[in-house]
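Keeping their order, the protein sequence lines are chains A, B, C and D.
Residues in the first sequence are numbered consecutively from 1, following the working numbering.
Residues in the second sequence are numbered consecutively from 230, following the working numbering.
Residues in the third sequence are numbered consecutively from 459, following the working numbering.
Residues in the fourth sequence are numbered consecutively from 675, following the working numbering.
The C-beta atom is built at its ideal place from N, Cα and C for all residues, glycine as well.
Read through the structure below, which is laid out as structure tokens, and then see the notes.
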Amino acid sequence: MIDKFVRSVAEAMAGIKDGATVLVAGFAQIGEPRALVDGLIEQGAKDLTVVHNTAGRGREGVARLIGEGRVRKIICSFARSRGSVLFEEVYARGAIELEMVPQGTLAERIRAGGAGIPAFFTPTGGGTLVARGKETRIIDGRECVLEQAIRGDVALVEAWRADRWGNLVYRDAGRNFNPIVAAAGTLTIVQAQNVAELGELTPEMIVTPGIYVDRVVHVPSGDPPVVIS
Amino acid sequence: MIDKFVRSVAEAMAGIKDGATVLVAGFAQIGEPRALVDGLIEQGAKDLTVVHNTAGRGREGVARLIGEGRVRKIICSFARSRGSVLFEEVYARGAIELEMVPQGTLAERIRAGGAGIPAFFTPTGGGTLVARGKETRIIDGRECVLEQAIRGDVALVEAWRADRWGNLVYRDAGRNFNPIVAAAGTLTIVQAQNVAELGELTPEMIVTPGIYVDRVVHVPSGDPPVVIS
Amino acid sequence: MAGDWKPWTREALAARVAQDIPEGWYVNLGIGIPTLVGNCVPPDREVVLHSENGIVGMGPAPAPEALNPWLVNASRQHVTLRTGASYMNHADSFGLVRGGHLDLCVLGGFQVAENGDLANWSRSQTDNAPAIGGAMDLAVGAKRIWVVMEHTTKSGEKRLLRRCTYPLTATGCTKRVYTDLAVIDVTDKGFVVVDTVPGLPFDELQARTDAPLRQA
Amino acid sequence: MAGDWKPWTREALAARVAQDIPEGWYVNLGIGIPTLVGNCVPPDREVVLHSENGIVGMGPAPAPEALNPWLVNASRQHVTLRTGASYMNHADSFGLVRGGHLDLCVLGGFQVAENGDLANWSRSQTDNAPAIGGAMDLAVGAKRIWVVMEHTTKSGEKRLLRRCTYPLTATGCTKRVYTDLAVIDVTDKGFVVVDTVPGLPFDELQARTDAPLRQA
Chain A
1 MIDKFVRSVA
11 EAMAGIKDGA
21 TVLVAGFAQI
31 GEPRALVDGL
41 IEQGAKDLTV
51 VHNTAGRGRE
61 GVARLIGEGR
71 VRKIICSFAR
81 SRGSVLFEEV
91 YARGAIELEM
101 VPQGTLAERI
111 RAGGAGIPAF
121 FTPTGGGTLV
131 ARGKETRIID
141 GRECVLEQAI
151 RGDVALVEAW
161 RADRWGNLVY
171 RDAGRNFNPI
181 VAAAGTLTIV
191 QAQNVAELGE
201 LTPEMIVTPG
211 IYVDRVVHVP
221 SGDPPVVIS
Chain B
230 MIDKFVRSVA
240 EAMAGIKDGA
250 TVLVAGFAQI
260 GEPRALVDGL
270 IEQGAKDLTV
280 VHNTAGRGRE
290 GVARLIGEGR
300 VRKIICSFAR
310 SRGSVLFEEV
320 YARGAIELEM
330 VPQGTLAERI
340 RAGGAGIPAF
350 FTPTGGGTLV
360 ARGKETRIID
370 GRECVLEQAI
380 RGDVALVEAW
390 RADRWGNLVY
400 RDAGRNFNPI
410 VAAAGTLTIV
420 QAQNVAELGE
430 LTPEMIVTPG
440 IYVDRVVHVP
450 SGDPPVVIS
Chain C
459 MAGDWKPWTR
469 EALAARVAQD
479 IPEGWYVNLG
489 IGIPTLVGNC
499 VPPDREVVLH
509 SENGIVGMGP
519 APAPEALNPW
529 LVNASRQHVT
539 LRTGASYMNH
549 ADSFGLVRGG
559 HLDLCVLGGF
569 QVAENGDLAN
579 WSRSQTDNAP
589 AIGGAMDLAV
599 GAKRIWVVME
609 HTTKSGEKRL
619 LRRCTYPLTA
629 TGCTKRVYTD
639 LAVIDVTDKG
649 FVVVDTVPGL
659 PFDELQARTD
669 APLRQA
Chain D
675 MAGDWKPWTR
685 EALAARVAQD
695 IPEGWYVNLG
705 IGIPTLVGNC
715 VPPDREVVLH
725 SENGIVGMGP
735 APAPEALNPW
745 LVNASRQHVT
755 LRTGASYMNH
765 ADSFGLVRGG
775 HLDLCVLGGF
785 QVAENGDLAN
795 WSRSQTDNAP
805 AIGGAMDLAV
815 GAKRIWVVME
825 HTTKSGEKRL
835 LRRCTYPLTA
845 TGCTKRVYTD
855 LAVIDVTDKG
865 FVVVDTVPGL
875 PFDELQARTD
885 APLRQA
């Protein structure tokens with residue numbers, strides 16, 4: 001019987017190696033696999049390349065991973081942003097490499113990684129600093145940039161419901177990067193708010209089929225923080 | 230009030246011009262917009278480039294469009310197949326141009342068209358006849374082929390349910406090419422088996438958001454034919 | 459007298475933009491003043507708002523008691539859904555953006571050039587760690603880019619330029635600029651003034667603008 | 675005596691393949707004999723079948739009274755769903771294929787070369803209007819390609835070759851070949867015989883094979 005559930009976050013994070021590329025889903029703290037990132041901090045792997053929409057905010061999650069010196073390189077679309085204090089510190093002393101990517105290009109590169117497309121041309125960034133040092137080509141009159149797929153040795157995902165096959169659904173805006181990150185990981189690890197019986201998630205409902213998922217841990221961590229700006 | 234429903238197939242097909250590129254969704258007669266293809270035959274546009282998984286079978290639908298000499302070029306993954314009689318006739322007398330594309334590359338080229346990716350490299354077809362005459366490049370040790378996006382001046386789609394915004398859901402294996410074809414058309418026309426009130430299709434259920442859809446016509450054509458092989 | 463005019467407020471500017479958005483358009487609203495535009499579209503005019511984190515059909519901010527912690531827009535503000543809304547993943551959402559499906563994107567700006575170039579993500583050619591976000595994708599993808607910004611910086615530096623000096627977001631993308639002083643089209647012949655705040659003399663507008671202005 | 679052996683039937687061959695598929699694998703089965711393999715996997719062994727038209731978790735053929743006209747596999751046969759199955763669109767389905775997520779794809783073949791090259795879509799270098807379908811995507815994408823075919827053509831032409839003469843589906847993709855006579859691994863050192871039908875002498879197998887065979 002296929003059963004991808006593991007009993008603990010520690011078990012879920014087992015085997016992640018130094019030097020791994022780790023994709024971390026989530027957007028603006030929604031659908032962010034915080035328990036798994038904490039598990040990764042605990043687990044100890046270092047020299048990581050982290051792919052995430054931001055370089056972290058505050059002092060937790062991806063920010064803490066960076067603050068503890070475990071991230072050799074970050075690939076993101078927002079580096080400097082409100083609350084990116086730990087990244088700023090580490091970056092200022094030259095202790096982290098940064099690759100800045102437009103957000104749509106970041107999403108498409110991850111999608112390409114999961115879908116077996118090694119590289120693609122995109123008009124995004126044509127004629128800007130983003131194109132600097134990259135192969136470009138005029139297509140239909142527009143400068144397009146050749147961008148490379150991103151795959152993760154590890155992909156960290158947050159889902160709303162998961163079944164034992166690893167089929168996933170997401171909640172509201174918590175979907176964001178999760179489906180593409182799930183598909184782009186060699187080892188895809190999911191924290192799920194709720195456990196579903198096989199068959200409760202119907203064929204039409206399922207957003208991420210279990211084929212993309214390796215391990216699921218039940219983490220009923222509750223609602224993301226409400227931010228009133 | 231946004232209301233994309235039109236009253237007839239004829240109204241749905243209005244304005245399609247000679248020389249148009251027409252994407253036709255469907256796979257193995259499931260989810261195939263047959264009423265719209267018949268409407269296109271009726272409507273009269275010629276010199277068409279048709280993009281469809283096959284070159285048609287039997288004497289109806291895409292096959293009939295070809296048989297009537299209205300298709301200048303077909304882009305497909307199955308040309309010669311059981312029942313491709315009309316295509317064979319027209320092709321034998323040199324009256325149609327054929328572009329053969331591996332099925333996954335066809336799907337990805339259409340997806341790229343809808344997603345604003347002008348071209349991409351794929352390992353599919355590397356080292357084969359498919360790569361002949363195309364730009365290739367060794368990436369990660371594999372020969373990859375540069376493939377171009379496909380967009381349609383017109384996209385023909387079959388859906389199970391549609392609402393007045395043009396939001397769509399599909400039935401079972403009727404999903405196939407429909408969502409990517411819908412997104413890749415400049416004028417996207419949908420035949421829907423059922424009409425839903427706005428809001429009946431929930432945010433989680435909707436597969437194709439109405440932004441991709443221009444016209445919807447209600448065609449309760451019923452189940453596709455059962456084929457026992 | 460020459461000083462007898464007032465700049466539009468942020469709210470008036472947002473309302474001015476909203477006035478020009480017809481029913482049925484699919485629209486993405488960037489961070490800042492553009493976000494305010496959504497609140498100014500009359501509820502009975504169906505304009506469908508996209509948020510690049512994966513929502514088509516976004517509604518206004520929720521009543522506090524109805525706030526859904528799982529539902530935010532790309533600016534991380536809590537929002538609601540309109541009837542007919544749907545979710546999609548980030549790659550599909552930016553595919554929608556890049557694929558030319560948005561009728562309009564309203565973006566904030568630092569500088570706009572008379573050739574339509576937009577700079578709105580970095581004030582330095584040498585800052586290597588800024589925030590790019592989704593602006594470049596939106597700028598190349600939407601059918602129309604309207605830029606909303608103050609006509610000059612607080613210290614009076616001009617923002618409507620012959621050529622941008624800040625790093626570009628995209629080349630030639632801007633179709634129209636809404637400032638606190640004027641509405642200006644970007645045309646083949648450069649900037650064309652469509653509207654101004656009441657009482658503002660043309661030469662005063664030109665004095666605050668680097669590139670030459672034409673009257674419509 | 676030398677003739678005292680029988681080729682495996684299509685059903686026996688399908689069963690032989692099924693025997694080698696462990697629980698938990700994600701598998702795509704091509705047209706022809708490969709499709710039969712699905713019926714030979716014991717129901718209590720969870721093997722998840724993918725169909726490239728957009729199904730993960732396909733089940734066997736339906737009882738006639740339970741046939742769903744909207745549910746077919748890539749060979750256009752009516753099928754069922756297992757509990758846990760899901761649908762996806764064609765681009766996502768081939769993304770799954772190309773992205774290396776299938777543990778195994780079992781394909782039919784015309785020819786396999788000792789370097790793993792596979793030819794299974796056209797018997798002519800000059801036929802310009804054949805059927806390609808999804809075989810090329812599957813051949814480059816799955817973690818393992820097993821090819822199932824008769825060891826020779828009906829007229830006795832060899833199919834396990836030093837080099838393919840038909841147009842290739844993909845280069846170097848084949849990991850194992852199941853024929854009606856033998857199970858043969860494709861290795862760095864060429865073809866290695868893993869199993870044969872009972873009683874078949876090695877030299878008789880070699881006589882029906884163009885490329886040199888090694889014994890495991």
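Cβ-based neighbour list, residue i, same chain, cut-off 6 angstroms, excluding 5 preceding and 5 following
{"i": "residue 459(B)", "result": "Outside the modelled stretch of chain B, which goes from 230 to 458, sits residue 459(B), for which no answer is possible."}
{"i": "residue 808(D)", "result": "726"}
{"i": "residue 238(B)", "result": "264, 268 and 446"}
{"i": "residue 546(C)", "result": "512"}
{"i": "residue 219(A)", "result": "35 and 191"}
Given residue i as reference, the closest of the options once Cα atoms are compared
{"i": "residue 575(C)", "options": "658(C), 646(C) and 640(C)", "result": "646(C)"}
{"i": "residue 729(D)", "options": "750(D), 785(D), 799(D) and 867(D)", "result": "750(D)"}
{"i": "residue 598(C)", "options": "466(C), 560(C) and 620(C)", "result": "560(C)"}
{"i": "residue 760(D)", "options": "386(B), 375(B) and 405(B)", "result": "405(B)"}
{"i": "residue 141(A)", "options": "153(A), 64(A), 127(A) and 147(A)", "result": "127(A)"}
{"i": "residue 393(B)", "options": "383(B), 358(B) and 441(B)", "result": "441(B)"}
{"i": "residue 395(B)", "options": "427(B), 402(B), 303(B) and 433(B)", "result": "427(B)"}
Where residue i meets chain B, residues with beta-carbon distance less than 8 angstroms
{"i": "residue 802(D)", "result": "327 and 329"}
{"i": "residue 484(C)", "result": "440"}
{"i": "residue 737(D)", "result": "By Cβ distance, chain B contributes nothing, its closest Cβ being about 13 angstroms from residue 737(D), past 8 angstroms."}
Cross-chain neighbours of residue i in chain A, by beta carbon under 7 angstroms
{"i": "residue 529(C)", "result": "172 and 173"}
{"i": "residue 512(C)", "result": "173, 175 and 176"}
Neighbouring residues, chain D, relative to residue i (Cβ below 7 angstroms)
{"i": "residue 333(B)", "result": "768, 771, 772, 808 and 811"}
{"i": "residue 198(A)", "result": "757 and 758"}
Beta-carbon proximity list for residue i, same chain, < 8 angstroms, skipping 5 on both sides
{"i": "residue 669(C)", "result": "571, 572, 618, 619, 620, 648 and 649"}
{"i": "residue 675(D)", "result": "Only weak support exists for where residue 675(D) lies, its pLDDT of 49 falling under 50; the coordinates are left without a value."}
Interface residues of chain C facing residue i [CB-CB closer than 8 angstroms]
{"i": "residue 392(B)", "result": "542"}
{"i": "residue 57(A)", "result": "By Cβ distance, chain C contributes nothing, its closest Cβ being about 10 angstroms from residue 57(A), past 8 angstroms."}
Same chain only: Cβ atoms within 7 angstroms of residue i, ignoring 5 sequence neighbours per side
{"i": "residue 117(A)", "result": "149"}
{"i": "residue 586(C)", "result": "none"}
{"i": "residue 475(C)", "result": "495, 564, 604, 606 and 636"}
Per-residue contacts from residue i into chain A (C-beta, under 8 angstroms)
{"i": "residue 337(B)", "result": "115 and 117"}
Start and end residues, alpha helix (DSSP H) containing residue i
{"i": "residue 767(D)", "result": "764-772"}
{"i": "residue 219(A)", "result": "No alpha helix (DSSP H) contains residue 219(A), which DSSP labels as neither H nor E."}
{"i": "residue 64(A)", "result": "62-67"}
{"i": "residue 661(C)", "result": "660-665"}
{"i": "residue 266(B)", "result": "263-272"}
{"i": "residue 573(C)", "result": "Residue 573(C) -> no alpha helix (DSSP H), and no H or E assigned at all."}
{"i": "residue 314(B)", "result": "314-321"}
Within chain B, the residues that residue i reaches when beta carbons sit closer than 7 angstroms
{"i": "residue 140(A)", "result": "347"}
Continuous beta strand (DSSP E) stretch holding residue i: start and end
{"i": "residue 383(B)", "result": "381-391"}
{"i": "residue 631(C)", "result": "Element bounds for residue 631(C): n/a, residue is neither H nor E."}
{"i": "residue 303(B)", "result": "300-305"}
Within chain D, the residues that residue i reaches when beta carbons sit closer than 9 angstroms
{"i": "residue 11(A)", "result": "Here the premise fails: no neighbours, minimum Cβ distance about 18 angstroms."}
{"i": "residue 259(B)", "result": "727, 743, 744, 745, 746 and 750"}
Proximal chain A residues relative to residue i, where beta-carbon distance stays under 9 angstroms
{"i": "residue 627(C)", "result": "128"}
Chain-ordered neighbours of residue i on chain D, where CB pairs are closer than 8 angstroms
{"i": "residue 167(A)", "result": "758 and 760"}
Listed by chain order, chain C residues near residue i by CB distance under 7 angstroms
{"i": "residue 433(B)", "result": "545"}
For this session: Name, going along the chain, the residues of the stretch 112-129 of chain A whose beta-carbon falls closer than 9 angstroms to a beta-carbon of chain B.
Result: 112, 115, 116, 117, 118, 119, 120, 121, 122, 123 and 124
Exercise. If contact means a Cβ-Cβ distance below 9 angstroms, which residues of the stretch 761-773 of chain D contact chain A?
Worked result: 761, 762, 765, 766, 768, 769, 770, 771, 772 and 773
Problem set entry | Selection of the stretch 145-160 of chain A by Cβ proximity to chain D, strictly under 7 angstroms | none
For this session: Give the residues from the stretch 815-834 of chain D that approach chain A closer than 9 angstroms (Cβ to any Cβ), ordered along the chain.
Result: 815
For this session: Could you list the residues in the stretch 704-727 of chain D with a C-beta less than 8 angstroms from some C-beta on chain A, going in chain order?
Result: 720, 722 and 724
Exercise. Between the stretch 281-312 of chain B and chain D, which residues of the former have CB atoms less than 7 angstroms from a CB of the latter, in chain order?
Worked result: 306, 307, 308, 309 and 310
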